[in-house]
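So in my numbering, spot 215 of the sequence shown is number 1129, and the numbers just go up one at a time.
Note that the Cβ used here is the ideal one computed from N, Cα and C, for glycine as well.
Just so it is clear, the structure is predicted and the values come from calculations on it, not from any experiment.
Reviewing the structure listed below.
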Amino acid sequence: MSVEKIDIKFVRRSTAAIVVFAIALRIVAALVWQSQCSLHDTTLKFGDSHSYWTIASNLALEGRYQYGSDQSRIFRSPAYPLFLAPFAWSERWFSDQSAQAPFVLGARIAGCLLGGLAVWIMMRWTRSIAGTASGIFAGLLAATYCGAVGMSIFVLSEAVATPLMVLSCWMLWRSTLRNPDPDGSHFWTSQRWLATAYSAFALGLACLARPSWGLWPGLALPLVAFASNRQELFFWRNWLLQGMFFFGIMCCVMAPWWVRNYAITGKFVPSTLQVGASLYDGWHPGASGSSDENMAFSIEAMQRILREEALLANDPSEVESTLEWRIDRRLHQEAWGWARENPSDALRLGLIKFQKTWWPFPTARELSNPMVVLWEAGSYLFILIMSAVGLWSLRADCRRWTEACWFIAPCVYLALLHMVFVGSVRYRQPGVLILCGLAGIGLSAAWTRFIVRAPVGPIPRAESSTDRAGNGTDAVGSRAFKKS
915 MSVEKIDIKF
925 VRRSTAAIVV
935 FAIALRIVAA
945 LVWQSQCSLH
955 DTTLKFGDSH
965 SYWTIASNLA
975 LEGRYQYGSD
985 QSRIFRSPAY
995 PLFLAPFAWS
1005 ERWFSDQSAQ
1015 APFVLGARIA
1025 GCLLGGLAVW
1035 IMMRWTRSIA
1045 GTASGIFAGL
1055 LAATYCGAVG
1065 MSIFVLSEAV
1075 ATPLMVLSCW
1085 MLWRSTLRNP
1095 DPDGSHFWTS
1105 QRWLATAYSA
1115 FALGLACLAR
1125 PSWGLWPGLA
1135 LPLVAFASNR
1145 QELFFWRNWL
1155 LQGMFFFGIM
1165 CCVMAPWWVR
1175 NYAITGKFVP
1185 STLQVGASLY
1195 DGWHPGASGS
1205 SDENMAFSIE
1215 AMQRILREEA
1225 LLANDPSEVE
1235 STLEWRIDRR
1245 LHQEAWGWAR
1255 ENPSDALRLG
1265 LIKFQKTWWP
1275 FPTARELSNP
1285 MVVLWEAGSY
1295 LFILIMSAVG
1305 LWSLRADCRR
1315 WTEACWFIAP
1325 CVYLALLHMV
1335 FVGSVRYRQP
1345 GVLILCGLAG
1355 IGLSAAWTRF
1365 IVRAPVGPIP
1375 RAESSTDRAG
1385 NGTDAVGSRA
1395 FKKS
């Protein structure tokens, strides 16, 4: 049997083993977390989890997509409640109303399967860039990273949004692969258009699960231009067409939600009517940089607006759209107004939010278990260190260093975003998961240098076996890894 066939078999077996391990670890964590919730006489520890489950229950049982009253019909984006709806429906029809836990656990396990999918994508993507060993190490890091495990089991929208974002980033990276046709005349017959379509479709779904990804194209599409072959004839024309095609697919995915929101409010609402509240949470007098979990400021604002509107009761022409829309708009305006009037305080809060998001140790009381704190901090710091090693190992290859930027860009995006909105360890997790690709490259270089005791040469290219998309393997790298 040839070395290449042996290596392909090794890659498939190791990939399957790591994905199964990732899913198993998440299921064990889900069982432990569920038992911890039971000790506190609850099944959902986070307020956001409760809101998603409530909307899913209303949708599955009554056909109404709302949270609470009919003035909260655009409270959450739809993808995750739709994902939870079968479990909420099962809770009503297959239980006595007192046994919610088994169905919540089912939702957690479904999140574990999606977490395993994200690990598989990270392995495939990293292997495409840096070979077999780097892909294996990236998979191990993604499988065992505490934050990634948590996002799979907490019944939060990241369970759906994060795998979709990883898929979108991978596909958009694939769209930058060198066009074998040097004159660019067959641009739309290459794999680029299909990869772009997959990326846009996945991002549209991710935005319907987690609206905070809506601004990601503003960073991702310039990165496409930076990472592509700019010497290709008609490059900028092709890049512009690619961007238009990307936005077209993304808009088609999100259009049903936009139409539904317009029918309710008479306004264009691209995500939810909680953006104003989220922005005000980060920018208001007395803001600390963390989220006000009781949303007391939002309740106070709503009461103030209702009092003001009561004075206009005899003049309905002064009342615009729905109450939910008016509250969101008022909070949005007041948040920006406060930031303009207090730029130094806004900058100070931005630095505080940055520290809260990227500090190794989680501070949420729900995650105060010392073992969880140490697991999160240890795995996070290890990924950061190995990412630095990975960047260093790619320093001599400009093309490969550019590819590494794809692993870093989501962290940059999330850091900037949550210097405006509130900061929390929760919000860094998708970026750190994607950073596992670069950390896998660094860990592979360290393994080669200190374990295999071989000189660290150039990181092997995936083309060394079959193709640039990662369908083949790096034979030398996999043999060295197995030999050690």
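Same chain only: Cβ atoms within 7 Å of G1354, ignoring 5 sequence neighbours per side: T1040, S1048, G1049, F1051, A1052 and L1055
Check H1198 in the structure and name its three-state DSSP category. coil
Measure the alpha-carbon distance for G1030 versus A930 and round it to whole angstroms. 10 Å
Consult DSSP for D1095 and reduce its assignment to one of helix, strand or coil. Bear in mind that the predicted position of D1095 carries a pLDDT of just 46, short of 50, making it unreliable; the figure below should be weighed with that in mind. D1095: coil per DSSP, three-state reduction.
Considering only residues of the same chain and omitting the five flanking positions on each side of F978, which have a CB-CB separation below 6 Å? Reading the sequence as shown, one finds Arg at residue 978 and not Phe. The residues are N972.
Please classify P995 as buried or exposed, where buried requires at least 16 neighbouring CB atoms within 10 angstroms. buried
Using a 10 Å radius around the Cβ and a threshold of 16 neighbouring Cβ atoms, would you call C1165 buried or exposed? A residue is called buried once 16 or more other Cβ atoms fall within 10 Å of its Cβ, and C1165, having fewer, is exposed.
Identify the continuous alpha helix (DSSP H) that holds I1322 and give its terminal residues. C1312 to L1331 is the span of the alpha helix (DSSP H), which, as asked, contains I1322.
With a threshold of 16 other CB atoms inside 10 Å of the CB of P1257, please say whether the residue is buried or exposed. exposed
Helix or strand or just coil, what does DSSP make of A1278? coil
May I have a chain-ordered list of the alpha helix (DSSP H) segments no shorter than 4 residues that lie completely inside the stretch 969-1044? Correct list: 993-1007 and 1015-1044.
As assigned by DSSP and simplified to three states, the class of W1273: coil
Would you kindly report the start and end of the unbroken alpha helix (DSSP H) that includes R1243? L1237 to E1255
Simplified DSSP state of F1335, which is helix, strand or coil: coil
Quick check: the Cα distance between D1311 and N1152, rounded to an integer number of angstroms? Straight-line Cα distance between these residues: approximately 26 Å.
Is it buried or exposed, R927, if we count other Cβ atoms within 10 angstroms and call 16 or more buried? exposed
Cα-Cα, which of E1214, G1264 and L1119 is closest to W1171? Considering only alpha carbons, the answer is L1119.
CB of I922 within 7 Å of CB of N1175, strictly: no
Assuming Q985 and T1236 form a contact by the criterion Cβ under 8 Å, report the distance between their Cβ atoms to the nearest whole angstrom. 7 Å
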